[in-house]
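11 is the number of the first residue of the sequence shown in the numbering used here; add one for each residue after it.
By construction, the Cβ of each residue, glycine as well, lies at the ideal position given by its N, Cα and C atoms.
Note that this is a predicted model, so its numbers are computed, not measured.
Take a look at the structure set out below.
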Amino acid sequence: MIDLNQSWPLPDRPLPIVIFGAGSIVMDAHIPAYLASEFVIRGIFDIDQGKARAPAAQYGFTAYRTAQEAAAQ
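What follows is the structure, encoded as structure tokens:
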């Protein structure tokens with residue numbers, strides 16, 4: 011029988027997360043999972059600025075105005 015890993019070690023120095031898109035999967039699954047795992051979310055970008063600003067305000071990270079600004083992080 012093959013023994014498969016069921017968990018992975020966390021990196022010693024994890025990089026902050028920048029999210030592209032603020033749809034329902036990000037809001038309902040990704041952000042809660044990142045926060046539960048104590049990962050640092052640096053910010054979020056969405057073409058619809060209102061969709062990006064809402065979680066940024068709720069969780070205290072940056073809402074980027076452009077994809078280029080977010081990618082530069």
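State buried or exposed for residue i, treating a residue as buried only when at least 16 other CB atoms are found within 10 Å of its CB.
i: Asp56; result: buried
i: Pro26; result: exposed
i: Tyr69; result: exposed
i: Ile12; result: exposed
i: Ala46; result: exposed
i: Ala73; result: buried
Over what stretch of residues does the beta strand (DSSP E) that includes residue i continue unbroken?
i: Gly70; result: Note, Gly70: premise wrong, no beta strand (DSSP E); not H, not E.
i: Ile51; result: 51–55
Cβ atoms of residue j and residue i: under 7 Å apart, would you say?
i: Ile54; j: Ala66; result: yes
i: Gln83; j: Arg63; result: no
i: Val28; j: Ala80; result: yes
i: Ala32; j: Lys61; result: yes
Could you give the first and the last residue of the continuous alpha helix (DSSP H) run that contains residue i?
i: Ile27; result: It is not in any alpha helix (DSSP H) - Ile27 instead sits in the beta strand (DSSP E) that spans 27–30.
i: Glu79; result: 77–81
i: Leu45; result: 41–46
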